[in-house]
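Mind the numbering: the sequence shown is residues 155 to 852 in this note's numbering, read in order. Glycine included, every Cβ here is placed at the ideal spot set by N, Cα and C. This structure is a prediction, so every number in the text was calculated from the model and none was measured. Here the structure comes first, spelled out in C-alpha cells, and everything after it is commentary.
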Amino acid sequence: MDYLFITSLFLDKNKRSLQKIETAQNKKLSKILEEQPTHQANDLIFNYSSHILTDAQKSILMKGLNFALPPKKLHYEDYLLNFELLFRNAKDSKSVRDDEEQFKTKLRTLALSSLKFYNRKKKKLENISQEEHVALIELSSLDDVIIQKADKGNVVVLVNRTDYVQSMEKILSDTSKFQPLNFVKENGDLRYLLDKELEIKNFLKTLRDNSTISDQAFAKMVPIGSSPGILYGLCKVHKKVPTGDKCPPFRPILSAIGTVSYNLAKFLVPILEPLTTNQFVCKDSFAFAAEIRNQNPGLYMSSFDVDSLFTNIPLDETIDICVKKLFGRKHKFKGFSKADFRSLLQYAVKDNLILFNGNYYIQVDGVAMGSPLGPTLANIFLCHWEEIWLEKCPLQFRPLFYRRYVDDTFLLFSSQSHVKKFHKYLNSRHVNMDFTYECEIDNKLAFLDVLVSRVSNQLVTSLYRKPTFSGLYTNFNSYISEKYKTGLIYCLLFRVFSLTVDWAKFHEEVKYLSVIFRKNQYPQHFFDRCIKIFLNRKMIPDTVEKVEKEKLIISLPFLGRYSNDLKKRLSALASAHLHSNFKICVVWKSSRTIRTFFSFKDRLPMHLRSKILYRFKCDGCNSIYIGKTKRHFLVRAFEHLGKSIRTGKDFTYNPKNSNNTSVLEHINQSNRCRGTLDSFEIIGGARNDFFLRLRSPC
Numbered sequence: 155m156d157y158l159f160i161t162s163l164f165l166d167k168n169k170r171s172l173q174k175i176e177t178a179q180n181k182k183l184s185k186i187l188e189e190q191p192t193h194q195a196n197d198l199i200f201n202y203s204s205h206i207l208t209d210a211q212k213s214i215l216m217k218g219l220n221f222a223l224p225p226k227k228l229h230y231e232d233y234l235l236n237f238e239l240l241f242r243n244a245k246d247s248k249s250v251r252d253d254e255e256q257f258k259t260k261l262r263t264l265a266l267s268s269l270k271f272y273n274r275k276k277k278k279l280e281n282i283s284q285e286e287h288v289a290l291i292e293l294s295s296l297d298d299v300i301i302q303k304a305d306k307g308n309v310v311v312l313v314n315r316t317d318y319v320q321s322m323e324k325i326l327s328d329t330s331k332f333q334p335l336n337f338v339k340e341n342g343d344l345r346y347l348l349d350k351e352l353e354i355k356n357f358l359k360t361l362r363d364n365s366t367i368s369d370q371a372f373a374k375m376v377p378i379g380s381s382p383g384i385l386y387g388l389c390k391v392h393k394k395v396p397t398g399d400k401c402p403p404f405r406p407i408l409s410a411i412g413t414v415s416y417n418l419a420k421f422l423v424p425i426l427e428p429l430t431t432n433q434f435v436c437k438d439s440f441a442f443a444a445e446i447r448n449q450n451p452g453l454y455m456s457s458f459d460v461d462s463l464f465t466n467i468p469l470d471e472t473i474d475i476c477v478k479k480l481f482g483r484k485h486k487f488k489g490f491s492k493a494d495f496r497s498l499l500q501y502a503v504k505d506n507l508i509l510f511n512g513n514y515y516i517q518v519d520g521v522a523m524g525s526p527l528g529p530t531l532a533n534i535f536l537c538h539w540e541e542i543w544l545e546k547c548p549l550q551f552r553p554l555f556y557r558r559y560v561d562d563t564f565l566l567f568s569s570q571s572h573v574k575k576f577h578k579y580l581n582s583r584h585v586n587m588d589f590t591y592e593c594e595i596d597n598k599l600a601f602l603d604v605l606v607s608r609v610s611n612q613l614v615t616s617l618y619r620k621p622t623f624s625g626l627y628t629n630f631n632s633y634i635s636e637k638y639k640t641g642l643i644y645c646l647l648f649r650v651f652s653l654t655v656d657w658a659k660f661h662e663e664v665k666y667l668s669v670i671f672r673k674n675q676y677p678q679h680f681f682d683r684c685i686k687i688f689l690n691r692k693m694i695p696d697t698v699e700k701v702e703k704e705k706l707i708i709s710l711p712f713l714g715r716y717s718n719d720l721k722k723r724l725s726a727l728a729s730a731h732l733h734s735n736f737k738i739c740v741v742w743k744s745s746r747t748i749r750t751f752f753s754f755k756d757r758l759p760m761h762l763r764s765k766i767l768y769r770f771k772c773d774g775c776n777s778i779y780i781g782k783t784k785r786h787f788l789v790r791a792f793e794h795l796g797k798s799i800r801t802g803k804d805f806t807y808n809p810k811n812s813n814n815t816s817v818l819e820h821i822n823q824s825n826r827c828r829g830t831l832d833s834f835e836i837i838g839g840a841r842n843d844f845f846l847r848l849r850s851p852c
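Structure representation (C-alpha cells):
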C-alpha cells in the first residue's frame, strides 16, 4: 500500500508538471506564430514633397526622428570634459574623503581607457540594417526636400523646400506682426545686435548704480555675444491643405536661446509667475480630472479654444496689465520703479532680431512660441480679462464651471442654448481674441488628455488621445539606456492609473498600450515586467526609510553594453574615494539621432558666432595664437587687427596702451608679421563661458 501510494503521488506530480510545461510552451508558440502588430507607413509619414520614397527609406523614417544611433567616435575634448566637470564638482562639494590627486588620477585613467576602448572597437550598424543606413544617407542628401517632425503627433513630414519657405514667408508678410529689416551697411546685423546690447547694458548699469539690482543680477541679465533668434516652422498635418498650396500651414517657432533679451526674459519669468494663475486656471490634467468628477452631472459640457493665442497677444496692453497688477498703488516693487520695470519688460519682448531664410525681421507685436516669456504673458493677459469677462457676463448664460489651461477652456452650462450666447459674448470682448467652441457628443467631451463622460448620472474620466495620436514612441532598438525605455512605460502607466476611475478601464488601456509598444518593437515580456513593477509600487507601500545620498552628476554618451561596465567602475570609484553620503549618478545621452541628419533651420552666420575657441596664424612667421571669447567672432578678430567694428577703420597703434591684445602686439612688432580676417579660424565652442574655459588649452 505504501509503494502504491508513493508511486501514485509521484505520477500525479509528474503529470501536473508536464501539463504546466506544455501550457507554457504553447503560450510561447502562440506568441511566436501570432502576427506582430506593426505601424503603417501612411500613418507615420506624410509626404507632401515631390520625392518618392523607397521601401528602405520608409523603413528608416518609420522609426521616428528621435531614433538614436551609436556614436561613430568619441571626441577627446568633449568626452574628457565630462570627467573634468565631475572632478570639479566633487572637489567643490568636498566629497572626496582621501587624497584628491589619487581620485583624480584614477578618474583620468578610467576616462582615457573607456575612450580608447570605444574608439578602437570595430564600428558596425548595431540597430539598423545596411539598406536602412544607405537610405538614411540618400535622404540626408536631398537639398530640395525638408524632413521634419510634425507640429503634433510625433510623425515625420516631407515637404519641398520652396513650399516650406513660401508658407513661412506668408506668415512673415503680416506687417502688423513682423517688420522686415534690410541692412545696407556691411555687417549690419552685427551692428544692430551690438547697439541693442549696449542699450540694454547701459540701462542695467543705471539700475545697478541705483542699487535696484545686485551685481549678480546684472551679470545674469547683461547680454554678451548675442545672436538673432532662429525662426522655423512645424507642419500642421492635422489641418487641411489651403486652396492653391501643396502642403498644410506651418506653426512658427522661435529658437530664442542666446538672443539679446533671452537673459532678461528668464529673469522676469519668476517675478511675473504669480500673475499667471487665478481661481479659473487648472494646474494640469490630473488636477482637472479630480475636480471635474465632483461636478453636477446634469450640466451641459462645452470647451472653448483661442485661435493663435501667442501671436495675437497685444504686447503694450499686456505690459500695462503686468505693471498695474504688480505695483497697484505702490511706487516700488522689488526695488523697481514703474518706469524702470516697464522698460525692462519692453527690452525683454520687443525689437528682437529674427533670422529666416537668410533674411532678418523684428516681431512688432505678439509673443513668439519659444520665448521664455511667451506662456507667461499669454496667461497673464487671459487671467486678467477672464476675471472681468466672467464677472460682467449676464447671469442668464454665465457658465457654472470654468477651468482654463493656457488657451483651452472647459465649461459647464445649465443649458445647451447658453453655449452660443456665451461664445458670441466672448468674441465681442476683445478685438484680438477669437474663440472657437466644441460641445459634448453622446455625453462625452475631451479636454487636454482627459475624456469626460456622463455615466450613470455622474461625471467620470478616462484617458483621451487626440486624432493626431500616431502611436509612435521611442523605438525599442533605439540606442539609448534601458532606463529611459522603462521610464516611458512607467510614465504612460501613471497617466492611465491616475485618469481612469475603475480597474476595467485600466485593464483596457493597458491592453491598448501593450499593442502600441509591440508596434514599437518592445518585447512583450519587457512590457509585462514593467507593469508588474509599477503595480507593486502602487499597491505595496515601501515602509523602508531610505537615506537619500547627495548626487554628483556626470553626463556621458551612451555606449551600449559597455555603459553598464562603465557605470559599475564609476560606482566602485565612488565607494573607494567618496564619503558615504555621496554617489555618482550617470546621465546617458544620445546625441546622434535620425533628426541630426536633416537640418533645415537657418545656420548662424560665422561672424555672429560667440562663446568660441579660435586660432590665429600669422601670415608672416606662421606663429599660432589660440584664444577664447564670449563675444562675437568678428568683434574679437577686429580687436586683434586693431580695427573698429563700427567704422572698419584702423586704430592708431600705441605700444603703451594696456588694452593691446597679444595678436596686435605681435603684428606690430615686425614689418613681416601681418594678419587678416582670413588668418582667424574657429576651432571649437561651448554653451557658456565656464565650459569654454574648461575646453580652452590656454
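Query                                                                                                                                                                    : Result
Can you name, in chain order, every residue of its own chain whose Cβ lies under 7 angstroms from the Cβ of Leu326, other than the five neighbours on each side?         : Phe332, Phe510 and Tyr515
When we look at the beta-carbon of His572 and count the other beta-carbons within 10 Å, is it buried (16 or more) or exposed?                                            : buried
Closest to Pro382 by C-alpha separation, out of Lys743, Ile694, Lys810 and Gln517, would be which residue?                                                               : Gln517
When you compare only the Cα positions, how much space is there between Asp128 and Arg315?                                                                               : This structure does not reach residue 128, given that the chain is present from 155 up to 852, and the question cannot be answered.
What's the C-alpha gap between Arg483 and Phe490?                                                                                                                        : 14 angstroms
If you check the beta carbons only, do His731 and Lys260 fall under 9 angstroms apart?                                                                                   : yes
With DSSP run on the structure shown, which of helix, strand or coil describes Val250?                                                                                   : strand
I'd like to know if the stretch 275-295 and the stretch 353-369 are in contact, where contact means that at least 3 CB-CB pairs between them fall below 8 angstroms.     : no
Starting from the N-terminal side, write out each stretch of the beta strand (DSSP E) that is 3 residues or longer and does not extend beyond the stretch 408-491.       : 454-460
Of all the alpha helix (DSSP H) runs that stay within the bounds of the stretch 581-659, which reach a length of 4 or more residues?                                     : 636-653
Report the option in Ser497, Gln302 and Cys537 whose CA atom is closest to the CA atom of Thr430.                                                                        : Cys537
With distance defined between alpha-carbon atoms, name the residue in Ser833, Val789 and Val817 nearest to Asn341.                                                       : Val789
Should Gly520 and Asn466 be called a contact, given that it needs their Cβ atoms to be closer than 9 angstroms?                                                          : yes
What did DSSP end up calling Gly528 once you bin it into helix, strand or coil?                                                                                          : helix
Where does Ile780 sit, in a helix, a strand or coil, going by DSSP?                                                                                                      : strand
Residue range of the alpha helix (DSSP H) that Gly342 falls in?                                                                                                          : Gly342 to Asp363
Whole angstroms are fine: how far does the CA of Thr750 sit from the CA of Leu344?                                                                                       : 28 angstroms
Taking Cβ to Cβ, would you say Phe464 is nearer than 9 angstroms to Val477?                                                                                              : no
Does the stretch 211-229 come close enough to the stretch 706-724 that 3 or more CB-CB pairs lie under 8 angstroms?                                                      : yes
Alpha helix (DSSP H) containing Phe681: first to last residue?                                                                                                           : Gln678 to Met693
So Phe792 is in the beta strand (DSSP E); what residue range does that whole segment cover?                                                                              : That residue, Phe792, is in no beta strand (DSSP E); its alpha helix (DSSP H) goes Phe787 to Leu795.
Contact between the stretch 435-443 and the stretch 588-596 is defined here as three or more beta-carbon pairs at a separation below 8 angstroms; is this criterion met? : no
Buried or exposed for Tyr807, please, with buried defined as at least 16 other CB atoms from any protein chain shown within 10 angstroms of its CB.                      : exposed
Given a cut-off of 9 angstroms on the beta-carbon distance, is the pair Ile446 and Ile534 in contact?                                                                    : no
Are the CB atoms of Thr815 and His786 within a distance shorter than 9 angstroms?                                                                                        : no
In the DSSP assignment, find the unbroken beta strand (DSSP E) run with Val518 in it and report its ends.                                                                : No beta strand (DSSP E) contains Val518, which DSSP labels as neither H nor E.
Thinking just about the alpha-carbon of each residue, which of Leu706, Asp317 and Glu636 is nearest to the one in Cys684?                                                : Glu636
What is the DSSP secondary structure of Glu704, reduced to helix, strand or coil?                                                                                        : strand
Leaving out five residues on either side along the sequence, give the residues of the same chain with a beta carbon under 7 angstroms from the beta carbon of Gln449.    : Phe555, Leu566 and Leu613
Is the Cβ-Cβ distance between Lys393 and Pro406 less than 9 angstroms?                                                                                                   : no
Taking only the alpha-carbon atoms, compute the straight-line gap between Tyr230 and Ile473 and give it to the nearest angstrom.                                         : 48 angstroms
Hey, how far is the Cα of Ile837 from the Cα of Leu758?                                                                                                                  : 16 angstroms
Check whether the Cβ atoms of Asp756 and Tyr386 lie closer than 9 angstroms to each other.                                                                               : yes
Which residues in the same chain have their Cβ closer than 6 angstroms to the Cβ of Glu835, if we skip the five residues on either side of it in sequence?               : Arg769
Report the rounded CA-to-CA distance for Thr530 versus Leu422, giving the unit in angstroms.                                                                             : 10 angstroms
What residue from Lys771, Gly781, Ile748 and Ser777 has the CA that sits closest to Ser764's CA?                                                                         : Gly781
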